[in-house]
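Just so we're on the same page, my numbering is the position in the sequence shown counted from 1, plus 228.
Written below as structure tokens is the structure these notes are about.
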Amino acid sequence: MFLGSLFGSNPHSTAVELTHYLQFPVSLLSSSSNLPPSPSLLLIYYPLHLLALTSVLSCVSSLSGSSLLLSICPSGGDSLCNAGHWKPNPPLLQQRQEARCTARGVHGPEGNHVKTTTTTLRFKECGQTMEAADEFLTYRSPLVSRYASKEMAFNFSDRRKFTTWRKLWIYLAKAEKALGLPITDAQILEMESHTEDIDFAMVAEEERKLRHDVMAHVHTFANCCPAAAPIIHLGATSCYVGDNTDLIMLRDGFDILLPKLARVIDRLANFAEKYADLPTLGFTHYQPAQLTTVGKRACLWLQDLAMDIRNLQRARDDLRFRGVKGTTGTQASFLQLFQGDHDKVEELDRMVTEMAGFKKAYLVTGQTYSRKVDVDCLSTLASLGATVHKICTDIRLLANQKEIEEPFEKEQIGSSAMPYKRNPMRAERCCSLARHLVALMADPLQTASVQWLERTLDDSANRRISLPESFLTADIILSTLQNITEGLVVYPKVIERHIRHELPFMATENIIMAMVKAGGNRQDCHEKIRVLSQEAAAVVKQEGGDNDLLTRVQRDPYFAPILGQLDALLDPKTFIGRAPQQVVRFLSEEVRPLLEPYKAKMDVKIELEL
């Protein structure tokens, strides 16, 4: 499926790398609590898995010589409208007017010539014209069509990618000219004047013929820069533009995510400060435990987010440029260009790295930069996904208790059948997409592990999916979580009622101590409390009544010496320990300092369209 234009000229490597994508465990479609698969996740997985499987089958058909004809006719005809760019389609749908996978000259086991087969997918414009509504005739990734921000969608767009390729060729030419190669100012000016005007139709046609995406762009760039044509891509290999552009996109992707994560932390810090001393039931094993405060619980979320922002910043700062390294990383082609002058080759690498905005380049590479770099980047995003899933699961559990609620729009509908419902759909969306983000971590791990020697091409198609999708998904969940944290609603009266229901049991030790101080016997008091507690528990569990332990204590003459102290003994604020003080110190010493670099970007408010 779209083999030449998308995945390079080798159907075998394409099939191998796409099987990695197909190996996502089905269990990831459901959470650990056996909840049904989320609609947000199903929108992503099912179509892409079917498309990836179709691609693998196309490759197998090409390699085996068997006949396979794929027909996609959504409107009942033989045409499918062409979207032609990442927005809003994922890399699997980077459609060209015609893409073919052909096995030529295949012979059977006895030398008999097997008929040449062609697997062809044709795309024609519906009715010879492309209307706006035609985009609904093709699969569109919901990551872009429904959720992602414009800046992150653009960061991984074809236009951003291929204009960056042209800029990299310009950087290379400038540095080579500065170091003495016969390149003219006019050639560089010609290249600069055509940085943006990419003829994508010509690129598609060139790639169909050449089966090589980089050379298709070299030819297209050269076509509009005839004077500069001889020096475009001089000494470079495909990974000069491919890998270096990926590193630029990763770096800029982190630059988009970091302020968003900082704003989430800021909103939650304000929330924690506001509710630092509001008592609430703590839960262990999802059973009522000792009291904490609403603000202290938010600090548990903040602690994980603080780790995430440090990890993202570290991963971003650790990124280096691949630089100018040649076909296997030895810089042999550039050493030949500069007639054995090692210093000039090193200076060329340094100059291009600096022009691209990096402080350092990797000193050693194969043909590609190490795919462990992708592992490092995506692992930080997967870790962020785990954090967001935990936070939003907590919010969903508390919403069930009606203690906390995410923002709910005036005209929002919670259920098509149950008009009273107020579902935590934003938190559910975050959990759904966070699972996808965590699952994507499998891709770079497998890719890094199967790279042979200096490189193999079975990384390419997989990375076209996993790298953009990881950043797009992280972008979505941070925007959604910011929207949630900016509008979290707390219901203190509901929280108070839940505390009253459980607190009498928790206060029994305080009552015993007070009785001992008033002259009572500890063992006698313990037995009295035990009997009364079990009677009250029976009312709660067997009769469905309220916890009446306090009433029973008040009625028993044995406790007459401390009746005047009961209100003080049962004050919830005496059960929260140092939670308020912990909140204040944590926010001032650990959270607020993390936000200092992002102060100028804190005023952005998120309004979700869906």
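Where is the CB? At the ideal position from N, CA and C, for every residue including glycine.
Only a predicted model underlies this, so the values are computations on that prediction, with no experimental measurement involved.
**Report entry** Spatial distance of V811 from G523 (CA atoms)
**Finding:** 7 Å
Query raised in the report: Using a Cβ-Cβ cut-off of 8 Å (strictly less than) and excluding sequence neighbours within five positions of Q710, which residues of its own chain qualify?
Result: K488, R491, V492, R495, I834
Query raised in the report: Excluding five sequence neighbours on each side, which residues of the same chain lie with their C-beta closer than 7 Å to the C-beta of N340?
Result: For N340, the predicted structure reports a pLDDT of 40, less than 50, and the residue's modelled location is therefore unreliable. A value from the coordinates is still provided. Result list for N340: empty, nothing under 7 Å.
Query raised in the report: For A861, which residues from the same chain have a beta carbon less than 8 Å from its beta carbon, with the 5 sequence-adjacent residues on both sides left out?
Result: Nothing about residue 861 can be read from this structure; the chain reaches only from 229 to 838.
**Report entry** Within 9 Å, strictly: CB atoms of A765 and F733
**Finding:** yes
Report task. Would you kindly work out how many angstroms separate the C-alpha atoms of H754 and N628, rounded to a whole number? Result -> 35 Å
Requested in this report: Kindly indicate the opening and closing residues of the alpha helix (DSSP H) around G510.
Outcome: Taken as a continuous stretch (DSSP letters only), G510 belongs to no alpha helix (DSSP H), being part of the beta strand (DSSP E) at 507-512.
Query raised in the report: DSSP state of A464, grouped into three classes?
Result: coil
Requested in this report: Counting only the same chain and skipping the five closest in sequence on each side, list residues whose C-beta sits under 7 Å from that of S255.
Outcome: For S255, the pLDDT reaches just 49, beneath the cut-off of 50, and the residue's location in the model is therefore unreliable, although a value from the coordinates is still provided. None.
Report task. Could you work out which residue in R813, E837, P825 is closest to E501 when comparing CA atoms only? Result -> R813
Report task. If I'm right that A543 touches T521 with Cβ under 8 Å, what's the distance once you round it to whole angstroms? Result -> Rounded, the Cβ-Cβ distance is 33 Å, inconsistent with contact.
Report task. From the DSSP output, read off the bridge partner residues of E633. Result -> V717
Query raised in the report: Start and end of the beta strand (DSSP E) containing L365?
Result: Careful: L365 lies outside any beta strand (DSSP E) and carries neither H nor E.
Query raised in the report: What does DSSP give as the partner residues of P516 in its beta bridges?
Result: F511
Report task. Would you give the residue range spanned by the alpha helix (DSSP H) that F382 belongs to? Result -> 378-383
Query raised in the report: In this structure, does DSSP put A670 in helix, strand or coil?
Result: helix
Query raised in the report: Which residues does DSSP pair with T521 in a beta bridge?
Result: P507
Query - Cβ separation of I723 and E631, assumed to be a contact under 8 Å, to the nearest whole Å - result: 5 Å
**Report entry** Opening and closing residue of the alpha helix (DSSP H) in which E435 lies
**Finding:** 428-438
Requested in this report: Per DSSP, which residues does A589 bridge with? Please list them.
Outcome: F549
Query - Residue span of the alpha helix (DSSP H) that contains R850, given as start and end - result: The chain is shown from 229 up to 838; residue 850 falls before or after that span and cannot be answered.
Query raised in the report: With DSSP run on the structure shown, which of helix, strand or coil describes G481?
Result: helix
Query raised in the report: Would you report the Cα separation of D831 and L716, rounded to the nearest angstrom?
Result: 18 Å
Query raised in the report: What distance in whole Å lies between the Cβ atoms of C467 and T675, which are believed to be in contact at a cut-off of 8 Å?
Result: Going by Cβ atoms, the distance from T675 to C467 rounds to 15 Å, so no, they are not a contact pair.
**Report entry** E697 versus N539, A662, L576, residue with shortest Cα-Cα distance
**Finding:** A662
Query raised in the report: Using a Cβ-Cβ cut-off of 8 Å (strictly less than) and excluding sequence neighbours within five positions of I416, which residues of its own chain qualify?
Result: I398, A401, K402, K405, A456
Query raised in the report: In three-state terms, what does DSSP make of R654?
Result: helix
Requested in this report: Sort P785, F449, T593 by Cα distance to E682 and report the nearest one.
Outcome: T593
Query raised in the report: If we ignore side chains and look at the alpha-carbon of each, how far apart do Q518 and D799 end up?
Result: 13 Å
Requested in this report: Go ahead and label N451 buried or exposed: buried means 16 or more other beta carbons lie within 10 angstroms of its beta carbon, across all protein chains shown.
Outcome: exposed
Report task. Count the other C-beta atoms from every protein chain shown that fall within 10 angstroms of the C-beta of L791, then say buried if there are 16 or more, exposed otherwise. Result -> exposed
Query raised in the report: Leaving out the 5 sequence neighbours to the left and right, which residues in its chain are closer than 7 Å to R538 when beta-carbon positions are compared?
Result: none
Requested in this report: Determine the extent of the alpha helix (DSSP H) in which W680 is found, giving its start and end residues.
Outcome: First-last for W680: undefined, no H or E at that position.
Requested in this report: May I have the straight-line CA-CA distance separating I757 from L794, to the nearest angstrom?
Outcome: 14 Å
**Report entry** Within 9 Å, strictly: CB atoms of L194 and M579
**Finding:** This structure leaves residue 194 out entirely; the chain is present only between 229 and 838.
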